[in-house]
Every structure is written in structure tokens, then in C-alpha cells.
Amino acid sequence: MVEFSVDGGTTWSSPEQVVFDPPLIPRKTAVYEFDGDWISPSSGLHNVCVRTSLPDSKPDNLPTDDLICADIIVLDKIDMGVDSSYCNNFDDPAIAPWVTYNTFVKDGNTRWEMGAPSHAPLIAAASGTNAWVTDLDADYGKRDSSSLFTPVFKLDSGQVYTYEFLHAFSTEIYHDGGSIDITFDGGISWYTVGTNLFGATWFNTSFVTSLDVYNPGWTGVSNGWEQARINIGVDTARNAIFRFRFGSDETINKAGWGIDDFCFYKAVDNTKVYVIGEEELEYHIGVGNIHPNPTSGMAQLPISFQQDADVRITVRNIQGQLMTTMSVHGSEGINTFQIETTGWASGLYLVEAITPSGTDVQRLIVD
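As C-alpha cells, this is what we get:
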């Protein structure tokens, strides 16, 4: 049985029976999604505990390892129909904190830090004390893939919004840099916001090779803190999250990318609007990241569908031998497909998902 509690452990969720098929190997892990919901969580930092009991429906002879707790941050949600603007200079502790994760691997490393920048040329925040920087006091790392996530914004159709912030950057030109993405499905699918053709206040290049080669963004060295601004709109009411995505390659590393004085508000000037419309999203199928990765048993591949579609999933080892193939049907929303790796040799495998929107290939490590 398994149950969870939030902030203190005085009230626990209803116990849920968990059956692993095949059985979970000792000292190994598996992903479990609770049936019971965490009802109306408030934004900000929470301590969440999970405990187990009655293994194999028997008394537990070793209860000392039955409890695990972790701090998590629940994103703030801003209803733009109620609040006409949201601004954050990262110095007000009353504002719910932002979160940062690895772009591709949930438990991977991220370089984003909030605090006082102290690594030249990023030696101070644009205002106040704090800013978000890919590393406050050192160069960013090699092969970095870090993202910084905004609150959730509830957007109205037909309304134009201005997305703006101050930033300073020092990166290897064209190879390392940052971009702005948006998601409408909780992070399964991401879309780059705008292009380098939206004027002097937006992207300064049509490509950054560390951002999937072809994605636009900012690269090189800024003239100190500069303002970035773009007007955006959606033609259907949606919940949106933005991310500041940074990427680097294996060679030259510099001070990185700093973000400060962020604002998102109903636009005053409605000229030159970047619109994300239903036609762009109608047939899109977003393939999420395999998790857990590495795995020793069951792995999961989430896929987001805008409408029903068929998908073919194949897994091959590095010699090209076919390990498994699945023809699956996905319905509108987020679908999760299981990949069973029990009995496979430890090593690297390639997972290919062929969808009507294109082909996605990911690496899966079995240990």
C-alpha cells in the first residue's frame, strides 16, 4: 500500500494498492502515479511525503525505509482575465518562486541559479540584488541543457499580451545561447516564441546549434543588460507556461545568460503580434521524454495528442537489432505508453516514435 501527505504528515491520502508486473526487483525503482489527487495545491514550496506499508500484503519487518520526503515547488497561476499584469524582479519573497529543471531529463542537472551575479561580465542584477543566471559565479558547463520556467498564465483568445524582460549574455556565438519556448499541455510539447525577424528587441540569430541546430535565439555578447520584448496572442483560451531554454556544446564556455525584471501584461501597442493559432497546433503530436531513464524494468513514453492518431514505437539496440515494436492508438490529451525492458542487456537503446507529425528518436539506457 502507498499513500502521500503534504506539509506535515497529519493527513494522509487514501491508501492505494500497488501491484508491479513484473515484480519490482529489490533495490530498484519504478514510477507510480497516484489515483488520488492533490486537491487545489497552493503555489510555492511544499514538503511532500510518501509512505508504504504491507509489502506483499504482509507486515513490514523493516519499517525504517518506508517513508521518503522531498521539497517541491508548485507553480503560481496567473489569470490574465483578472490580473492585467504580472511582474517579478526576483527580490520579493512574497512572490511564488520560479522553478528550473534540465530541459530533457527531469532529474538531470540544471545550471540556472537565482541570486547576485558575480562573474564578469555578469557582475550585478539589472535592478535590486537578485537575477536568474545560468551560473552566478562561474562559466556555464559543457553540453548544458537547462530551462527556467515561469508561472502558469491563463490566456484569453483575441487578447494581445506583451512578454518582456531584461537580459545580459556572454556565450560562444552561434553555438551556445538561449531561446524562449511556450507549452499549452504542461510541458509535453514546446513551441519557440517568435523568430529573429521580430525586430531589435527579440532574437538576434536564426539558429543556435546547441538548441536543436535550427532554433532561433540569442547568442554572442550583449551590450550589458538589454530589453527583450514581443507581443503574442492565441486564438483559443489556453493555460500557458514559458521557459527560458539555454544550451551549450562541448567547446568554449563563457559567463552565460542572465534574466531580470520580467513582466507579462496586456499589451498597450497591438502592432506586430506573434500569434500561435489553432491551425499550428491542430495536428501536432508532442513526444515527451522517456522516464525513468536509465531504467531497469518499465519505462514510460508520454505523448500528447491534439486529436486521435496512430503511432508506431520501435526499440533497437545499438547493433540495430529490433527489441520490441508497438502499434498504438492515442486519444486526445496526454497518453503514456509502457516499454518493458526486463531481461534486456545493460546498455544503450534507441526508441523511435513514428507519428503523423514526424519521427522522434530518443536514447534509452538500461542498467
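In the working numbering, the protein residues as written are 21 to 387.
We put the CB at the ideal spot given by N, CA and C, even for glycine.
Compare the Cα-Cα distances from F218 to each of E372, K286, V293 and P171 and report the closest residue. It is V293.
Do you know offhand how far K174's Cα is from T203's? Note on geometry: alpha-carbon atoms of K174 and T203 lie some 12 Å from one another.
Contacting residues, own chain, Cβ-Cβ under 6 Å from W364 (five flanking each side not counted): So the list reads V386, once near-sequence residues are dropped.
Look up S77 in the DSSP assignment and say whether it is helix, strand or coil. For S77, the secondary structure class from DSSP, reduced to helix, strand or coil, is helix.
When you compare only the Cα positions, how much space is there between G240 and S230? Rounded to the nearest angstrom, the two C-alpha atoms are 13 Å apart.
Of the residues D85, V70, V39 and V51, the one placed nearest S77, counting alpha carbons only: For S77, the nearest C-alpha among the options comes from V39.
Let me know the secondary structure DSSP gives D85 once reduced to three states. Reduced to three states, the DSSP call for D85 is helix.
So, are the CB atoms of V68 and F24 less than 8 Å apart? In this structure, F24 lies closer than 8 Å to V68 by Cβ.
Taking contact to mean at least 3 C-beta pairs separated by less than 8 Å, is the region 275-282 in contact with the region 100-119? Yes: at least three Cβ pairs fall under 8 Å.
Taking N243 as the reference, which of A329, L87, F189 and S377 has the closest Cα? Cα-wise, what sits closest to N243 is F189.
CB contact flag (V182, A287, <8 Å): Val is not the amino acid found at residue 182; the sequence shown has Thr there. T182 places its beta carbon less than 8 Å from that of A287.
Span of the beta strand (DSSP E), counted from its first residue to its last, around K292: Counting along the chain, no beta strand (DSSP E) covers K292, and no H or E run does either.
Selection from L370, Q326 and A275 that minimises the alpha carbon distance to T344: Looking at the Cα atoms, L370 is the closest of the given residues.
Which of helix, strand or coil DSSP assigns to V38: Here V38 sits in coil by DSSP.
Looking at C-alpha atoms only, which residue of G128, A146, P141 and I98 is the closest neighbour of D111? Among G128, A146, P141 and I98, the Cα nearest to that of D111 belongs to A146.
For a test of the three-state rule: what should DSSP assign to I354, helix, strand or coil? In the displayed model, I354 falls within a strand according to three-state DSSP.
DSSP state of T72, grouped into three classes? Three-state DSSP puts T72 in a strand.
Among S209, A90 and N224, which has the Cα closest to the Cα of N216? Ranking the options by Cα distance to N216, first place goes to N224.
Determine which residues share a DSSP beta bridge with H349 and list them. Note: H349 sits in a beta bridge opposite D330.
How about I8 and G317: are their beta carbons less than 8 Å apart? No answer is possible for residue 8: the residues shown for the chain start at 21 and end at 387.
CA-to-CA distance, K97 to I115, given in whole angstroms: Rounded to the nearest whole angstrom, the CA to CA distance from I115 to K97 is 11 Å.
Selection from T221, T361, A275 and S268 that minimises the alpha carbon distance to I250: Looking at the Cα atoms, T221 is the closest of the given residues.
Quick check on the DSSP output: the beta strand (DSSP E) that includes Y121 runs from which residue to which? Where Y121 is concerned, the enclosing beta strand (DSSP E) stretches over V119 to N122.
With respect to the beta strand (DSSP E) encompassing N109, which residues constitute its N-terminal and C-terminal limits? Following the DSSP letters along the chain, one finds N109 in no beta strand (DSSP E), marked with neither H nor E.
Anticipated Cβ contact below 8 Å, D328 with H349, distance rounded: Between H349 and D328 the Cβ distance is about 7 Å, and since that is below 8 Å, they are a contact.
Can you grab the Cα-Cα spacing for the pair I200 / G178, in whole Å? Rounded to whole angstroms, I200 to G178 spans 22 Å at the Cα level.
For S351 and D205, what's the separation of their Cα atoms in angstroms? About 14 Å.
Check this for me: beta carbons of R265 and G198, under 8 Å apart or not? Yes, the pair counts as a contact, with Cβ atoms nearer than the cut-off.
According to DSSP, which residues form a beta bridge with L168? Beta-bridge pairing links L168 to T120 and F264.
State the Cα-Cα distance for the pair I333 and G378, rounded to the nearest angstrom. So the two alpha carbons sit approximately 12 Å from each other.
From the DSSP output, in three-state form, read off I59 for me. It is coil, neither helix nor strand.
Could you please give the first and the last residue of the uninterrupted beta strand (DSSP E) stretch that includes E133? If you look at E133, you'll find it in the beta strand (DSSP E) that goes E133 to G135.
Who are the Cβ neighbours of D269 in its own chain at under 6 Å, not counting the five residues just before and after it? Taken in chain order, the residues that qualify are H195 and S230.
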